[in-house]
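Shown next, in structure tokens, is the structure this report addresses.
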Amino acid sequence: MTETSTCRICEGTVRRFVDFGEQPLSDAFRDPSDETEEFFYGLAVGHCSGCDMVQLMEAVPRERMFHEGYPYYSSGSTVMRSHFQTTAARLISEYATGEDPFIVELGSNDGVMLESVARAGIRHLGMEPSASVAEVARSKGVRVREAFFEKATALEILEQDGPADVVYAANTFCHIPYVDSVLAGLGELLVPEGVFVFEDPYFGDVIEKASFDQFYDEHFFLFTATSVAGMARRFGFSLVDVERLPTHGGELRYTLAREGRRTPTLRVARMLQEEARRGLTSPAALRAFADRVRANGDRLVGELRALRDQGKRVVGYGATAKSATVLNFCGIGPDLLEYVCDTTPDKQGRLTPGSHVPVVGHDRFTEAYPDYALLLAWNHADEIMAKETGFRDAGGRWIHYVPEVRVV
Ligand code: SAH
Ligand code: TMP
Ligand code: ZN
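Residue numbers (the working numbering): 2 to 409.
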């Protein structure tokens, strides 16, 4: 794998700071009878000193990741359902104040956010290239266009529906390497005072928690307020608000508006200052991160091997996309995990990508509790701990690997 690549934002030089080797597509759960060759790409992460953006060194073609078989359904978490209801209410009260407001969402998935907008009778459109999840959204009364958002499709929306008051994207903008096209499209689609609100995993949390599994094919960028402010400026926007969110292991919600159209809040300046003080992307911070990743990975495999040698039953909990990075980087397969349980029907009966651990339904977990469960869905820890008290009561123990390896 090369040590440098070209920055997607400023065309400067991106230098690699951590390499996870060959990785499968994180959401390509395999049919056990599938004998076709599995697709792998090189997962390495770099930093651009020109614009401070943290990004993958290699992009996977988007059609390989987002298609009719995409198995991630956003409504699978109760906490996230409630988060998106609150979000819809806020978008409506802050931006749907005109005559006939129009809200667009990128990556609307199964309609988890837009169903509240639809219920409120507000004009909306979800842009969602993955047919599997788009279909579910439609069944909830959400208007969806099955396409990738980019400049060309933005112009089509503008022609058909007119300009948008707000465009929202959760856990989607960081999936898109072609930001120039998306921001150009937003420049066309938004009303003059319109805003683009998006939320994605925060690199500040990744550094703090050494949560290296936030890096996988779909997470092309790991943003900071600093890198987003710079990116916005380059494309005629400015960062006018920023907010911390507790979702998915720590995220930031960013609000962009056309340059000069809205006054940035004090929170933006404070966040930029805080990031400068923390030196989030300094060479020392990036080196320390890479060292912690290796140490935590080694400790995790050591722990799992020791438990196997003691004859313990160990399983994985939550067949998350991010677990592909952990399992494949650490070489954790069916010899160390009996299965991974997950509530998503589309993932059950399949094998985890690359590592080939069987994915089973949640019933398997409760029917005969294992001795240990590796919490792969660590970003949903509160929700999972609250409902799995039976496992604890039966003497079961959780294995965590973020921010470090702990058995509790
Ligand atoms: N917003 C949801 C879904 C996140 S998963 C949530 O926060 O849970 C990311 C979604 O973005 C997938 O459903 C994927 O199909 C979609 N996506 C990927 N590229 C896109 C693009 N260019 N435009 C719109 N959606 C896109
Ligand atoms: P995510 O971390 O990308 O949101 O993926 C979470 C995965 O974990 C998804 O496949 C659903 C699964 N899951 C469970 O199996 N049980 C749970 O209680 C929760 C919250 C998620
Ligand atoms: Zn750059």
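A virtual CB, placed ideally from N, CA and C, is assigned to each residue, including glycine.
Which listed residue (the options) has its alpha carbon closest to that of residue i
i, options, result
"Thr-225", "Met-272, Val-113, Phe-216", "Met-272"
"Leu-57", "Arg-82, Gly-22, Thr-88, Tyr-74", "Gly-22"
"Arg-17", "Ala-291, Asp-299, Pro-346", "Ala-291"
"Asn-380", "Gly-250, Val-55, Lys-210", "Gly-250"
"Asp-28", "Val-61, Ser-6, Thr-3, Asp-20", "Val-61"
"Arg-63", "Phe-213, Glu-260, Arg-259, Gly-108", "Gly-108"
"Thr-344", "Cys-331, Phe-41, Ile-385, Val-207", "Ile-385"
"Phe-41", "Glu-4, Cys-331, Glu-106, Asp-218", "Asp-218"
"Pro-284", "Ser-34, Ala-185, Ser-50", "Ser-50"
"Gly-280", "Gly-112, Met-232, Asp-53", "Asp-53"
"Glu-136", "Tyr-73, Val-118, Arg-120", "Tyr-73"
"Pro-346", "Lys-323, Val-360, Gly-186, Ile-333", "Val-360"
"Thr-227", "Asn-172, Val-15, Ala-320, Val-55", "Val-55"
"Ser-34", "Leu-352, Thr-14, Glu-4", "Leu-352"
"Gly-163", "Phe-236, Asp-206, Gly-43, Leu-187", "Leu-187"
"Gln-349", "Arg-31, Ala-277, Val-118, Glu-304", "Arg-31"
"Glu-260", "Thr-321, Ala-89, Gly-237, Gly-231", "Gly-237"
For residue i, the residue or residues it bridges with in DSSP
i, result
"Val-459", "Residue 459 cannot be examined here, being either before or after the span of the chain that is shown, 2 to 409."
"Arg-1", "No answer is possible for residue 1: the residues shown for the chain start at 2 and end at 409."
"Pro-202", "Glu-252"
"Trp-399", "Ala-374"
"Ser-6", "Val-15"
"Leu-352", "Arg-31, Pro-359"
"Gly-428", "The structure shown does not extend to residue 428, since the chain spans only 2 to 409, so no value can be given for it."
"Leu-246", "Glu-252"
"Glu-219", "According to DSSP, Glu-219 bridges with nothing at all."
"Glu-384", "According to DSSP, which records beta bridges pairwise, Glu-384 is partnered with nothing at all."
6 Å Cβ shell around residue i - same chain, five flanking residues per side excluded
i, result
"Val-409", "Trp-399"
"Phe-199", "Ala-170, Phe-174, Tyr-255"
"Phe-366", "Cys-342"
"Glu-39", "Pro-25"
"Pro-404", "Lys-210, Ala-211"
"Ser-182", "Glu-151, Lys-152"
8 Å Cβ shell around residue i - same chain, five flanking residues per side excluded
i, result
"Asp-101", "Arg-124"
"Pro-265", "Ser-239, Leu-240, Val-241, Asp-242"
"Arg-309", "Val-315, Asp-336, Leu-337"
"Glu-189", "Lys-152, Ala-155, Leu-156, Leu-159"
"Gly-203", "Sequence inspection shows Tyr at residue 203; the Gly mentioned does not correspond to that position. Closer than 8 Å at the Cβ level, and outside the excluded window around Tyr-203, lie Leu-223, Phe-224, Thr-225, Arg-245, Gly-251, Glu-252, Leu-253."
"Tyr-373", "Leu-308, Lys-313, Arg-314, Val-315, Val-316, Gly-397, Arg-398, Trp-399, Ile-400, Val-408"
As assigned by DSSP and simplified to three states, the class of residue i
i, result
"Tyr-96", "helix"
"Thr-225", "coil"
"Val-241", "strand"
"Arg-263", "coil"
"Pro-335", "coil"
"Arg-144", "coil"
"Glu-194", "strand"
"Val-167", "strand"
"Pro-72", "coil"
"Glu-38", "coil"
"Pro-62", "coil"
"Gln-161", "helix"
"Leu-184", "helix"
"Gln-24", "strand"
8 Å Cβ cutoff, residue i in contact with chain D
i, result
"Phe-236", "No chain D is part of this structure, which consists of one protein chain only."
Same chain, Cβ closer than 7 Å to residue i, neighbours up to 5 away in sequence not counted
i, result
"Arg-262", "Pro-193, Glu-194"
"Pro-130", "Phe-67, Glu-147, Ala-148, Phe-149"
"Asp-166", "Tyr-96, Ala-97, Gly-99, Pro-102, Phe-103, Ile-104, Val-192, Gly-195"
"Leu-287", "Phe-18, His-48"
"Ser-78", "His-381, Glu-384"
Contact test: residue i Cβ vs the ligand GTP heavy atom, cutoff 7 Å
i, result
"Leu-107", "By its list of ligands, the structure shown excludes the ligand GTP, since it contains just the ligand SAH, the ligand TMP and the ligand ZN."
Quiz: which residues have CB nearer than 6 Å to the ligand ZN non-hydrogen atoms: Cys-8, Ile-10, Cys-11, Gly-13, Cys-49, Gly-51, Cys-52, Met-54
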